[in-house]
Amino acid sequence: MLEGFNKHASTFADDVDQAFWISTGISAAMFVLVVGLMVFFIIRYHHSRVKPEEIRNIRHYLPLEIAWTVIPTILLFIIFYYGYTSFRELRTMPKDAFTVDVLGKRWSWTFTYPNGKRTAELYVPIGENIQLRLASLENDVLHSFFVPAFRVKEDVVPGRITHLWFNATAIGSYDIECAEYCGVGHAMMLTKLEVMDKTAFDTWYASGKLSPHDTEEPKGKGEEVYKTLGCVSCHSLDGSESVGPSFKGMYGAKIKVLTEGKLREVIADDEYIRSSIRTPDKDVAQGFQSGIMPNLSDQIDKDQMESLIEFMKQQNDTTPVTGHEEVKPVVEEVVKTEQQAVAPSKPDGTALFKSKGCIACHSLDGTKKIGPSLKGIYMSVRKVLTDGKEREVKADEAYLHTSIHDPNADVVEGFSANMMPSFGKTLTQAEIDALVNYIKEIQ
8 MLEGFNKHAS
18 TFADDVDQAF
28 WISTGISAAM
38 FVLVVGLMVF
48 FIIRYHHSRV
58 KPEEIRNIRH
68 YLPLEIAWTV
78 IPTILLFIIF
88 YYGYTSFREL
98 RTMPKDAFTV
108 DVLGKRWSWT
118 FTYPNGKRTA
128 ELYVPIGENI
138 QLRLASLEND
148 VLHSFFVPAF
158 RVKEDVVPGR
168 ITHLWFNATA
178 IGSYDIECAE
188 YCGVGHAMML
198 TKLEVMDKTA
208 FDTWYASGKL
218 SPHDTEEPKG
228 KGEEVYKTLG
238 CVSCHSLDGS
248 ESVGPSFKGM
258 YGAKIKVLTE
268 GKLREVIADD
278 EYIRSSIRTP
288 DKDVAQGFQS
298 GIMPNLSDQI
308 DKDQMESLIE
318 FMKQQNDTTP
328 VTGHEEVKPV
338 VEEVVKTEQQ
348 AVAPSKPDGT
358 ALFKSKGCIA
368 CHSLDGTKKI
378 GPSLKGIYMS
388 VRKVLTDGKE
398 REVKADEAYL
408 HTSIHDPNAD
418 VVEGFSANMM
428 PSFGKTLTQA
438 EIDALVNYIK
448 EIQ
């Protein structure tokens with residue numbers, strides 16, 4: 008899990024460790040001093056040893072007051088200096104860096120190089136400045152790109168581009184982890200960063216191989232799409248179940264799916280696979296959860312889609328996969344930056360309920376959690392506290408809108424105020440309306 012952690016494999020790993028150990032050392036010394044003095048005074052001035060009339064009340068002692076003001080101030084400045092200097096180096100991006108685009112999505116990483124090469128693991132040359140541009144899909148969740156051995160970590164935020172850089176100092180393979188809880192597959196959102204000799208990297212970079220360790224180029228684009236699009240993290244090829252169903256023997260098979268809450272049987276043909284990639288929650292395979300697989304419409308073009316379907320057919324037979332045009336860079340395609348025009352779409356109440364965290368505090372089956380269950384809440388009569396006074400209200404549309412805009416205005420009896428954040432500024436009116444409509448349907 009922390010492979011190569013003690014190698015100090017980047018140029019500023021030593022500086023980060025130095026700041027950490029100085030802060031930890033000062034904190035430990037102060038802890039020992041304070042607790043030691045506390046124990047000493049408890050024993051020395053125990054009532055069995057000293058009579059009350061013998062205790063002198065000291066109202067003012069200038070040397071001690073100066074000492075406990077000046078010494079902690081100096082220690083804090085020492086911690087600040089080492090923390091600031093190492094942080095400044097981490098956040099100052101070099102101008103001559105080799106830039107790689109990183110896409111983090113549930114639950115995989117994809118790396119796109121300047122020449123269009125796309126990989127599921129990150130390969131870099133030793134001794135060269137590497138800058139990463141990190142992004143996530145608009146409909147995804149927060150992730151955090153973390154390389155423990157390099158002492159670098161940066162949040163990967165849906166709809167935004169963040170940056171980090173490093174210069175690797177030791178050839179080897181190092182873990183890349185997601186350091187921000189992102190759902191059921193969080194623990195499996197792992198990949199590798201491999202530091203290579205410059206000559207070996209240049210040779211691989213100019214080849215058509217997905218990995219420097221491949222003995223030959225991929226048989227077809229389908230295998231490349233399967234690996235680089237992140238399918239490999241949730242769909243096995245050996246029949247074992249993971250977060251999603253295995254691709255082995257899937258194509259052409261009859262499978263049971265849930266469509267709008269109703270169980271039915273479908274054939275996993277070309278159209279079903281296309282639909283599952285574009286609208287993954289439309290027909291959810293029995294035994295698997297909805298809301299897990301992201302919509303990949305923005306990441307996969309028509310040729311890649313057909314290549315992936317052919318690759319899935321291969322898991323039933325040995326038909327060769329034909330090649331297709333080279334994939335395009337990831338970040339420019341999927342991240343809606345401030346400069347890009349985004350076509351408006353109708354908000355989905357179900358998706359908002361999951362992505363905005365409502366599901367963490369409000370159940371759908373009547374069980375009590377941090378907040379009241381939403382089962383049957385619409386038009387029910389509720390006891391609430393309004394300005395400290397108890398009253399009864401009907402949970403109509405106006406009440407639901409108010410609870411989302413200003414959750415502390417009417418706090419349901421038996422629950423705490425200040426637990427739910429206000430979504431008035433983080434959700435649009437259309438999104439709030441969609442969320443209210445979804446709540447109305449929960450009976």
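In our numbering, each number is its position in the sequence shown, counted from 1, plus 7.
No residue lacks a Cβ here, since even glycine has one placed at the ideal position from N, Cα and C.
Go to residue i, then tell me how far its beta strand (DSSP E) extends in each direction, as first and last residue.
i	result
phenylalanine 94	Taken as a continuous stretch (DSSP letters only), phenylalanine 94 belongs to no beta strand (DSSP E), being part of the alpha helix (DSSP H) at 69 to 98.
valine 159	159 to 163
tryptophan 116	115 to 119
tyrosine 181	179 to 185
phenylalanine 152	150 to 154
glutamate 272	269 to 274
aspartate 108	105 to 112
phenylalanine 173	169 to 174
glutamate 397	396 to 401
tyrosine 130	129 to 132
Cβ of residue i within 8 Å of Cβ of residue j?
i	j	result
cysteine 5	glycine 378	Here the chain covers residues 8 to 450 and nothing more, so residue 5 does not appear.
proline 354	glutamate 267	no
leucine 442	leucine 359	yes
phenylalanine 157	serine 314	no
lysine 363	phenylalanine 430	yes
valine 42	valine 131	no
valine 148	proline 165	yes
glutamine 311	lysine 255	no
valine 232	cysteine 241	no
tyrosine 89	isoleucine 29	yes
Leaving out five residues on either side along the sequence, give the residues of the same chain with a beta carbon under 6 Å from the beta carbon of residue i.
i	result
serine 387	Ala402
methionine 196	Trp114 and Cys185
threonine 409	Ala416
leucine 392	Val418
proline 327	The pLDDT assigned to proline 327 is 39, lower than 50, so where the model puts this residue is not dependable; a value taken from the coordinates is nonetheless given after this. Result list for proline 327: empty, nothing under 6 Å.
methionine 319	Phe254 and Tyr258
isoleucine 183	Val154, Thr198 and Leu200
aspartate 288	Ser297
Keeping to the same chain, check which residues put their C-beta closer than 7 Å to that of residue i; ignore five residues upstream and five downstream.
i	result
alanine 292	Pro252, Ile262 and Val264
isoleucine 446	Leu381, Ile384, Tyr385 and Leu407
isoleucine 316	Asp277 and Ile280
alanine 26	Tyr89, Gly90 and Ser93
isoleucine 178	Ile133, Val202, Met203 and Asp204
Buried or exposed for residue i, please, with buried defined as at least 16 other CB atoms from any protein chain shown within 10 angstroms of its CB.
i	result
lysine 112	buried
glutamate 230	buried
glutamate 128	buried
lysine 390	exposed
tyrosine 181	buried
glutamate 333	Note that glutamate 333 scores a pLDDT of 37, beneath 50, so its modelled location is shaky; the value from the coordinates is reported in the next line. Result: exposed.
aspartate 108	buried
glycine 356	buried
threonine 117	buried
leucine 200	buried
glutamine 450	exposed
glutamate 161	buried
aspartate 372	exposed
serine 423	exposed
lysine 124	buried
threonine 286	exposed
aspartate 221	exposed
glutamine 436	exposed
isoleucine 411	buried
methionine 37	exposed
Since residue i is in the alpha helix (DSSP H), which residue starts that stretch and which ends it?
i	result
asparagine 415	Here asparagine 415 belongs to no alpha helix (DSSP H), and DSSP marks it neither H nor E.
leucine 141	It is not in any alpha helix (DSSP H) - leucine 141 instead sits in the beta strand (DSSP E) that spans 136 to 142.
asparagine 444	436 to 447
valine 388	Per DSSP, valine 388 belongs to no alpha helix (DSSP H); it is in the beta strand (DSSP E), 388 to 393.
glutamate 317	309 to 321
valine 232	228 to 235
leucine 40	20 to 51
lysine 263	Counting along the chain, lysine 263 falls outside any alpha helix (DSSP H), though it belongs to the beta strand (DSSP E) covering 261 to 266.
lysine 2	Because the chain in this structure spans residues 8 to 450, residue 2 falls outside the shown range and cannot be described.
Which residues in the same chain as residue i place their Cβ atom closer than 8 Å to its Cβ, once the five residues preceding and following it in sequence are excluded?
i	result
valine 23	Ser93, Leu97 and Arg158
Sufficient close CB pairs (3 or more, under 8 Å) joining the region 233 to 242 to the region 307 to 323: yes
Any 3 or more C-beta pairs closer than 8 Å across the region 161 to 179 and the region 138 to 145: yes
The region 284 to 303 contacting the region 185 to 199, beta-carbon criterion three pairs below 8 Å: yes
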